[in-house]
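*Asks:* Here it is: the structure, laid out below.
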Amino acid sequence: MQLVLSLGSLPLANALVTAEQLDQQESTYPLELAFCPKCSLVQITETVPPEELFRDYLYFSSFSDTMLSHAQAIVERVIEWRPLDANSLAVEIASNDGYLLQYYKQAGIPVLGIEPAINIARVAQDERGIRTLTDFFDAETAARLVEQGERADVIHANNVLAHVPDLNGFVRGLRLLLKPEGVAIIEVPYVKDLIDRCEFDTIYHEHLSYFSFTAVNQLFERQGLAIQWVERLAIHGGSLRIFVGVDSGAQRPTVVTELLDEETRWGVNQVDFYQDFAQRVAELKTSLRNFVFDLKDRKLRLAAYGAAAKGSTLLNYLGIGRSALDFVVDRSTHKQGRYMPGVRLPIYSPARLLEE
């Protein structure tokens, strides 16, 4: 493993602080990015237990209009493309509050969500009627479902693969749960976009892995799956959407070969591609701090919009707290009334911006 970047020791990005916890010391963990020359995977060096990260989670996808429209679009596309009906099964791993599966359900297609966060799974079941298994997904979970007669025609896994400590076990589970002609649709943040755009704020402890297409292709091939299609998306700062099926021995699609070849030309799978990232991040930190404190010196009142994990990494790495910002606002009622980790900025409704 070769170190690419260190952001220091930071609190967990989504561990929003309650008023009762303000006098308590938060845990922090090293946040370092490293490159593996053997498998081309970029990953952080510290793994926080998933139970600590996800059992009581405050990110509800349905509070994002962008996520809802993104989910609806892919579901409509799949329904048009695949012969799904009342005898089919659509599964989402890390199904959150049912933001995506609701669109299959509305079309009369049976659904199953798999979501480890108890509070969020409850919302999916109680408010949207989404059948939800409250558990982490791996090969054992998949095997239990298969024993119960559950096999999936389509599996969605949006922005969850990066969270998984055991990548091979997770992908092996996909292989088990998929019907022979089924398709898994995986979305992952794209490491090339992260590096090119200096998106250091997308790095936090929940995101263990940062994928190149080469790395994720090798991962699927090891478990008997083949990529059938790939496309680049703008969402989350730049992502890959990958369509995967059971490996039938068919020739690799041209679109797959082309992106693999492009990555070789770009050098994404060599450590040299990442060599100047730390320096660029440090320069951006200085620039952003100067910008914010220049505004503060001009006696302007500043607030931040969005109590997201990216915002937590940004504020804590920059060292921007109450000396520069008055508060943070967020649409999610589950976050309002809490405080940003580390910097301890209070979180209010966006209406606060107009009130002040």
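According to our numbering, the stretch in the sequence shown is residues 405 to 760, in order.
Backbone N, C-alpha and C define an ideal beta-carbon position, used for all residues, glycine too.
All values reported here derive from a predicted model rather than from experimental measurement.
(1) Can you tell me which of S652, L578, G573, P569 puts its alpha carbon nearest to the alpha carbon of V550?
(2) Relative to the C-alpha of R535, which candidate in Q679, D730, A498, V564 has its C-alpha closest?
(3) Go to S473, then tell me how far its alpha helix (DSSP H) extends in each direction, as first and last residue.
(4) Rounded to whole angstroms, what is the Cα-Cα separation between N572 and D651?
(5) When DSSP labels each residue in this structure, what does R557 get in the three-state scheme?
(6) Just curious, the alpha helix (DSSP H) that L729 is in, first and last residue?
(7) Helix, strand or coil, according to DSSP, for P514 in the structure here?
(8) When the Cα atoms are used, what is the spatial distance from E480 to N673?
(9) Would you mind sorting Q816 into buried or exposed? The rule is 16 or more other CB atoms within 10 Å of its CB.
(10) Using only CA atoms, which one of F467, P487, L749, Q447 lies nearest to V558?
(11) Could you give the DSSP three-state label for Y678: helix, strand or coil?
(12) Taking just the CA atoms, how far does G653 sit from F647?
(13) Alpha carbon to alpha carbon, how far is A546 from F731? Give it in angstroms, no decimals.
(14) When DSSP labels each residue in this structure, what does F540 get in the three-state scheme?
(15) Hey, how far is the Cα of E450 from the Cα of D489?
(16) First and last residue of the alpha helix (DSSP H) that includes R669?
(17) Does the beta carbon of V733 come closer than 9 Å to any beta carbon on chain D?
(18) Counting pairs of Cβ atoms below 8 Å between the segment 520 to 534 and the segment 500 to 510, do you hit three or more?
(19) Alpha carbon to alpha carbon, how far is F604 from L718? Give it in angstroms, no decimals.
(20) For a quick check, are the C-beta atoms of F695 and V446 less than 9 Å apart?
(21) What does the alpha-carbon distance come out to for the pair V452 and A417?
(22) Please classify T432: does DSSP put it in a helix, a strand, or coil?
(23) If we ignore side chains and look at the alpha-carbon of each, how far apart do A711 and E424 end up?
(24) To the nearest angstrom, how far is it from the Cα of R756 to the Cα of V733?
(25) Given this structure, state the Cα-to-Cα distance separating S613 from P569, to the nearest angstrom.
(26) Have a look at I631, G641, V587 and flag the residue whose alpha-carbon is nearest the alpha-carbon of C602.
(27) Residues in its own chain within less than 7 Å of A543 by CB, not counting five upstream and five downstream?
*Replies:* On the basis of the coordinates in this document:
(1) In the sequence shown, counting from the first residue as 1, residue 550 sits at position 146. Minimum Cα distance to V550 is reached at L578.
(2) Along the sequence shown, read from residue 1 onward, the residue named residue 535 stands at position 131. The residue with the shortest Cα to Cα distance from R535 is A498.
(3) On the sequence shown, position 69 is the one that residue 473 refers to. Bounds of the alpha helix (DSSP H) holding S473 are 469 to 485.
(4) One-based indexing of the sequence shown puts residue 572 at position 168. One-based indexing of the sequence shown puts residue 651 at position 247. Put simply, the backbone Cα of N572 is about 16 Å away from that of D651.
(5) Start at 1 with the first residue of the sequence shown, and residue 557 comes out as number 153. For clarity, residue 557 is Asp in the given sequence; the question names Arg instead. D557 carries a strand assignment under DSSP once its states are collapsed to helix, strand and coil.
(6) Residue 729 sits at position 325 when you count from the first residue of the sequence shown. Looking at the DSSP string, L729 is not in any alpha helix (DSSP H), and its letter there is neither H nor E.
(7) What you label residue 514 is simply residue 110 of the sequence shown in a count that begins at 1. Three-state result, P514: coil.
(8) Counted from its first residue, the sequence shown places residue 480 at position 76. Counted from its first residue, the sequence shown places residue 673 at position 269. If you take the alpha carbons of E480 and N673, they lie about 35 Å apart.
(9) Outside the modelled stretch of the chain, which goes from 405 to 760, sits residue 816, for which no answer is possible.
(10) Taking the first residue of the sequence shown as position 1, residue 558 is located at position 154. Closest by alpha carbon: P487.
(11) Taking the sequence shown and counting its residues from 1, one reaches residue 678 at position 274. Residue state, collapsed to three classes: helix.
(12) Within the sequence shown, residue 647 is the residue found at index 243, counting from 1. Within the sequence shown, residue 653 is the residue found at index 249, counting from 1. Here the alpha carbons of G653 and F647 stand approximately 16 Å from one another.
(13) Counting from 1 along the sequence shown, the entry for residue 731 is found at position 327. Counting from 1 along the sequence shown, the entry for residue 546 is found at position 142. Taking the straight line joining both Cα atoms gives about 43 Å.
(14) The residue labelled residue 540 in the question sits at position 136 within the sequence shown. Looking at F540 - three-state DSSP - the assignment turns out to be coil, as it is neither helix nor strand.
(15) Position 46 of the sequence shown, counted from the first residue, corresponds to residue 450. Position 85 of the sequence shown, counted from the first residue, corresponds to residue 489. Approximately 43 Å, taken between the alpha carbons.
(16) For the purposes of this step, residue 669 is taken as residue 265 along the sequence shown, with counting starting at 1. Element bounds for R669: 658 to 670.
(17) Looking at the structure shown, chain D is missing, and only one protein chain is on hand.
(18) The segment 520 to 534 is in contact with the segment 500 to 510.
(19) The residue given as residue 718 occupies position 314 in the sequence shown. The residue given as residue 604 occupies position 200 in the sequence shown. Going by the C-alpha atoms only, they are around 8 Å apart.
(20) Locating residue 695 in the sequence shown gives position 291, where the first residue counts as 1. Locating residue 446 in the sequence shown gives position 42, where the first residue counts as 1. Their beta carbons are not under 9 Å apart, which means F695 does not touch V446 by this criterion.
(21) Start at 1 with the first residue of the sequence shown, and residue 452 comes out as number 48. Start at 1 with the first residue of the sequence shown, and residue 417 comes out as number 13. Each residue's Cα considered, the two are about 12 Å apart.
(22) Locating residue 432 in the sequence shown gives position 28, where the first residue counts as 1. T432: strand per DSSP, three-state reduction.
(23) As a first step, residue 711 must be located in the sequence shown, where it is residue number 307. As a first step, residue 424 must be located in the sequence shown, where it is residue number 20. In this structure, the CA atom of A711 is about 19 Å from the CA atom of E424.
(24) Indexing the sequence shown from 1 puts residue 756 at position 352. Indexing the sequence shown from 1 puts residue 733 at position 329. Looking at the two C-alpha atoms, the distance is approximately 7 Å.
(25) Working through the sequence shown from its first residue, we reach residue 613 at position 209. Working through the sequence shown from its first residue, we reach residue 569 at position 165. Pairing S613 with P569, the inter-Cα distance amounts to about 9 Å.
(26) Within the sequence shown, the letter at position 198 stands for residue 602. Considering only alpha carbons, the answer is G641.
(27) For the purposes of this step, residue 543 is taken as residue 139 along the sequence shown, with counting starting at 1. The answer, listed in chain order, is G573, R576, G577, L580.
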